[in-house]
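Trainee: Here's a structure for you.
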Amino acid sequence: QKEVEQNSGPLSVPEGAIASLNCTYSDRVSQSFFWYRQYSGKSPELIMSIYSNGDKEDGRFTAQLNKASQYVSLLIRDSQPSDSATYLCAVRYSSASKIIFGSGTRLSIRP
Amino acid sequence: DVKVTQSSRYLVKRTGEKVFLECVQDMDHENMFWYRQDPGLGLRLIYFSYDVKMKEKGDIPEGYSVSREKKERFSLILESASTNQTSMYLCASSLIGNTEAFFGQGTRLTVV
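Here the protein sequences come in this chain order: A and B. With my numbering applied, the first sequence corresponds to residues 721 to 831, in that order. With my numbering applied, the second sequence corresponds to residues 179 to 290, in that order.
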């Protein structure tokens with residue numbers, strides 16, 4: 721079983737709709753969770769980080785964490801064509817340890 | 179702003195060559211990472227370092243080694259390059275703690 725799993729997509733969402741991206745992880749001692757966005761040919765850039773159960777909102781983005789279910793999600797409201805990218809979920813187990821990434825979900829926002 | 183700089187954007191090497199990929203960060207980060215990214219496989223961790231001269235294997239260390247003699251610099255070494263090491267290589271750094279990683283621009287390595 722992979723440590724961090726994501727649906728590879730592509731996920732196609734109409735402009736203005738909500739895009740929902742999901743991620744599950746296997747290690748219960750995971751402590752910090754990140755969502756990165758990666759445009760084609762570019763490096764990943766951080767969108768959101770979340771550390772405790774519940775929701776965290778930043779503009780059009782909301783990250784949701786449920787540690788009991790080992791599940792983290794990213795919601796993008798009012799999706800724009802510029803949101804079309806690959807979204808990577810990442811998990812960190814402890815302060816000095818490695819950061820493990822999922823394989824990414826390709827999101828396409830159609831006008 | 180955090181800056182992570184990789185020495186080359188594109189690199190072409192021959193099979194059997196020893197290859198060095200260099201990464202420098204300017205934010206005094208304790209942790210540094212090397213990943214490779216292949217289509218459909220996401221980012222896979224090769225090695226990471228949590229302090230100078232300290233390193234741990236990631237998920238795919240075979241065929242690679244690393245060096246961290248100074249805090250700001252983390253080098254990835256391909257001892258004898260092979261065609262299956264053709265990939266995008268990404269370096270990242272982070273503070274110690276439950277913090278995010280910042281990435282360099284990536285090195286696209288082609289082994290012919």
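Glycine included, every Cβ here is placed at the ideal spot set by N, Cα and C.
1. Within its chain, find whatever has a CB closer than 7 Å to the CB of PRO831/A; leave out the 5 residues flanking it on each side and keep chain order.
2. Say whether the region 225-238 of chain B touches the region 816-823 of chain A, bearing in mind that this needs 3 or more beta-carbon pairs closer than 8 Å, one atom from each stretch.
3. Nearest by alpha-carbon distance to VAL733/A: which of THR744/A, SER799/A, TYR745/A is it?
4. Comparing C-alpha positions only, which one of LEU287/B, ASN276/B, MET210/B sits nearest to SER752/A?
5. I think ASN742/A touches SER793/A, with their Cβ atoms under 8 Å apart; what is that distance to the nearest whole Å?
6. Helix, strand or coil for THR169/B, going by three-state DSSP, please let me know.
7. Following the continuous beta strand (DSSP E) through THR806/A, name the residue where it begins and the one where it ends.
8. Can you tell me whether SER793/A is helix, strand or coil according to DSSP?
9. Please classify LEU808/A: is it buried, with 16 or more other beta-carbons within 10 angstroms of its beta-carbon, or exposed?
10. Around the Cβ of PHE281/B, are there at least 16 other Cβ atoms within 10 angstroms (buried) or fewer (exposed)?
11. Would you kindly check if the distance between the Cβ of ALA259/B and the Cβ of GLU195/B is under 8 Å?
12. To which residues does DSSP link SER271/B through a beta bridge?
13. For PRO801/A, which of helix, strand or coil comes out of DSSP?
14. Would a C-beta distance cut-off of 8 Å place ILE738/A and TRP755/A closer than the cut-off?
15. Taking a contact to mean a Cβ-Cβ separation below 8 Å, would you say LEU785/A touches ILE796/A in this structure?
16. For chain B, find out if any of its Cβ atoms is closer than 8 Å to the Cβ of GLN784/A; answer yes or no.
17. Strictly below 7 Å CB to CB, what residues from chain A border ALA279/B?
Mentor: Straight from the coordinates:
1. As a position in the first sequence, residue 831/A is number 111, starting the count at 1. The residues are GLU735, PRO801.
2. yes
3. Walking along the first sequence from the start, residue 733/A turns up at place 13. Looking at the Cα atoms, SER799/A is the closest of the given residues.
4. Here residue 752/A refers to the residue found at position 32 when the first sequence is read from its first residue. Measuring from the Cα of SER752/A, the nearest candidate turns out to be ASN276/B.
5. Numbered from 1 along the first sequence, position 22 holds the residue referred to as residue 742/A. Numbered from 1 along the first sequence, position 73 holds the residue referred to as residue 793/A. Sure, about 5 Å apart at Cβ, within 8 Å.
6. With chain B covering only 179 through 290, there is no way to say anything about residue 169/B.
7. As a position in the first sequence, residue 806/A is number 86, starting the count at 1. Counting along the chain, the beta strand (DSSP E) containing THR806/A begins and ends at 805-812.
8. Stepping through the first sequence from its first residue, residue 793/A is reached at position 73. DSSP places SER793/A in strand when its eight states are reduced to three.
9. Here residue 808/A is taken as the residue at index 88 of the first sequence, counted from 1. Burial call: buried.
10. Looking up residue 281/B in the second sequence gives position 103. It is buried - the Cβ of PHE281/B has at least 16 other Cβ atoms within 10 Å.
11. Residue mapping note: residue 195/B aligns to position 17 of the second sequence, counting from 1. Residue mapping note: residue 259/B aligns to position 81 of the second sequence, counting from 1. In contact: GLU195/B and ALA259/B (Cβ atoms closer than 8 Å).
12. The sequence position of residue 271/B within the second sequence is 93, counting from 1. MET210/B, PHE280/B.
13. Numbered from 1 along the first sequence, position 81 holds the residue referred to as residue 801/A. In this structure, PRO801/A counts as helix in the three-state DSSP scheme.
14. Locating residue 738/A in the first sequence gives position 18, where the first residue counts as 1. Locating residue 755/A in the first sequence gives position 35, where the first residue counts as 1. Contact flag unset, no.
15. To locate residue 785/A, count along the first sequence from 1; it is residue 65. To locate residue 796/A, count along the first sequence from 1; it is residue 76. Going by C-beta atoms, LEU785/A is not nearer than 8 Å to ILE796/A.
16. Residue 784/A sits at position 64 when you count from the first residue of the first sequence. It does not; no Cβ of chain B falls within 8 Å.
17. As a working mapping, residue 279/B is identified with position 101 in the second sequence. Going along chain A in sequence order, the residues near ALA279/B (Cβ under 7 Å) are ILE819.
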